[in-house]
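S.K.: Letter by letter, the sequence shown follows residues 147 to 214 of our numbering. Let me begin by handing over the structure; questions about it come next.
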Amino acid sequence: MDKKNIEIILTIFIVFLGSLLIFSVVNGKVTVFMIIGALSVTYIFVHYWERQFLKKKYKDEIKQEKNM
Numbered sequence: 147m148d149k150k151n152i153e154i155i156l157t158i159f160i161v162f163l164g165s166l167l168i169f170s171v172v173n174g175k176v177t178v179f180m181i182i183g184a185l186s187v188t189y190i191f192v193h194y195w196e197r198q199f200l201k202k203k204y205k206d207e208i209k210q211e212k213n214m
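Structure below.
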């Protein structure tokens with residue numbers, strides 16, 4: 147594994163823990179539904195973040211093709 151993959155995994159883990167913490171502070175205890183909620187928040191975040199990343203990468207590739 148290179149450094150980039152480790153950073154991505156850490157970011158996902160931090161988002162998951164953060165959303166789980168927010169849900170548990172609101173209710174006072176951790177339940178299965180909160181874990182599912184935290185997972186869904188993490189999934190939405192990762193999906194959006196991945197789209198932004200791919201969009202930027204795609205723009206960079208178009209720029210490189212135009213320069214050639």
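Using N, Cα and C, we set each Cβ at its ideal position, and we do this for glycine too.
Residue 205 lies in the alpha helix (DSSP H); which residues open and close that run?
M.R.: Position 59 of the sequence shown, counted from the start, is the residue given in the question as residue 205. Boundaries of the alpha helix (DSSP H) around residue 205: 178-213.
S.K.: Hey, how far is the Cα of residue 150 from the Cα of residue 181?
M.R.: Against the sequence shown, residue 150 aligns to sequence position 4. Against the sequence shown, residue 181 aligns to sequence position 35. Whole-angstrom Cα-Cα distance: 26 Å.
S.K.: Determine the contact status of residue 162 and residue 185, defining contact as a CB-CB distance below 8 Å.
M.R.: Your numbering for residue 162 matches position 16 in the sequence shown. Your numbering for residue 185 matches position 39 in the sequence shown. Result yes, Cβ atoms of residue 162 and residue 185 sit closer than 8 Å.
S.K.: Out of 195, 172 and 190, state which residue places its alpha-carbon closest to the alpha-carbon of residue 154.
M.R.: For the purposes of this step, residue 154 is taken as residue 8 along the sequence shown, with counting starting at 1. Considering only alpha carbons, the answer is 195.
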